[in-house]
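Numbering (our numbering), first residue to last: 207 to 569.
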């Protein structure tokens, strides 16, 4: 397995089964004796089952209690589970393992919810890992690497718009099996309250389709002047990608346009050039819709709201933008949105745009 390393491959044919069957567990995330791995410690035999969702498995009562307190209490029945909604298996070629949908997943569906077994900067907590957990981590790439190397390669950002380019990072064993695609069909975020990573479908994902996300999304590299292809080659040894963005020049151009429009919105906003900023925003939304981008990217519509709410003649646009921002963030966060302060702020402005400090300042 190449862990989080790898390149995209053509989609496999849909599978008919909806849970892991005996003899189909050789991929390393489920045990070889027909029993799924423990959802908490990744022990090979997990004979206990969550009494509520009837899907999540454990090796002991202790692990079940720890997992319940560690996030499953919130995400039980609200996120996909291994062997039911998704599976981990050979992705073909030199990609190693990958994550594949076992059922049709709708846009906004929580593909999986998984705790971080290692985090940076608190790597010292690794001293308390159970042997089974340590073994699962050591099975990830890079081969022969220590825990620090495993976290450096497989860690994902714990703040919005980051991957591993800075700040706190988290390593989640199963989610580390998701392969890269420049234009992926999923995105992830870290739920602070439960300390759990959530993988969300950015568009409808068909049964049998590989679940992917970009290791270096454009928003994570803003202002860094880092070429994402260079980072992919150096860090993950991904020198070729056959996703839609890399095989279709037209899509590649639209992604470039999207990045440029994003920059222009901020520049025009800083110079109070409302008209041009909003024209760029309209073009950006059309590209989001066409490329079926992650709901998280629609947060830019909040910045467009801040431009439009400044003038009476664009107030209708302002209301549309803040509604889009609220709708897409709510869809992306799911149950986690109940305590999300940003979503609460959006809701307040949906109800009353006049609460914003920019209200009619340019009229």
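Just so it is clear, CB atoms sit at the ideal spot from N, CA and C, and this is done for glycine as well.
Remember, predicted model here, so these are calculated numbers, not experimental data.
Just to confirm my understanding: we take residue 484, look at its own chain, exclude 5 residues before and 5 after, and list those with CB closer than 7 angstroms. What are they? 510, 513, 514, 520, 523
For residue 300, tell me which candidate among 479, 293, 446 has the shortest Cα-Cα distance. 446
With a Cβ-Cβ cutoff of 7 angstroms, do residue 407 and residue 313 count as a contact? yes
Alpha-carbon spacing of residue 478 relative to residue 355, whole angstroms: 46 angstroms
Looking only at its chain, what residues have a beta carbon closer than 7 angstroms to the beta carbon of residue 229, apart from the 5 residues adjacent to it on each side? The predicted model places residue 229 with a pLDDT of 32, which falls under 50 and marks its position as unreliable; any figure quoted below should be read in that light. Within the same chain, residue 229 has no close Cβ partners at all.
Run the CB neighbour count on residue 561, radius 10 Å, all protein chains shown included, and call it buried at 16 or more, exposed below. exposed
Which residue from 325, 248, 271 puts its Cα closest to that of residue 256? 271
Is the stretch 332–346 touching the stretch 275–292 in the sense that three or more CB pairs, one from each, lie closer than 8 angstroms? no
Mark residue 558 as exposed unless 16 or more other C-beta atoms lie within 10 angstroms of its C-beta, in which case mark it buried. exposed
Residue 501 versus residue 507: straight-line alpha-carbon distance, rounded: 11 angstroms
So is residue 499 buried or exposed if we call it buried at 16+ other beta carbons inside 10 Å? buried
Does the beta-carbon distance from residue 309 to residue 291 come in below 7 angstroms? yes
Could you check what DSSP says for residue 290 in three-state terms: helix, strand or coil? coil
Straight-line CA distance for residue 539 to residue 315? 10 angstroms
Output the boundary residues of the alpha helix (DSSP H) element that contains residue 510. 506–514
So is residue 350 buried or exposed if we call it buried at 16+ other beta carbons inside 10 Å? exposed
If contacts are defined as beta-carbon pairs under 8 angstroms, then residue 526 and residue 569 qualify, I think. What distance do you get, rounded to the angstrom? Not really, about 18 angstroms apart at Cβ, beyond 8 angstroms.
Residue 317 beta carbon less than 7 angstroms from that of residue 250: no
Measure the alpha-carbon distance for residue 293 versus residue 361 and round it to whole angstroms. 21 angstroms
Using DSSP with H/G/I as helix, E/B as strand and the rest coil, what is residue 400? coil
For residue 544, three-class secondary structure by DSSP: helix
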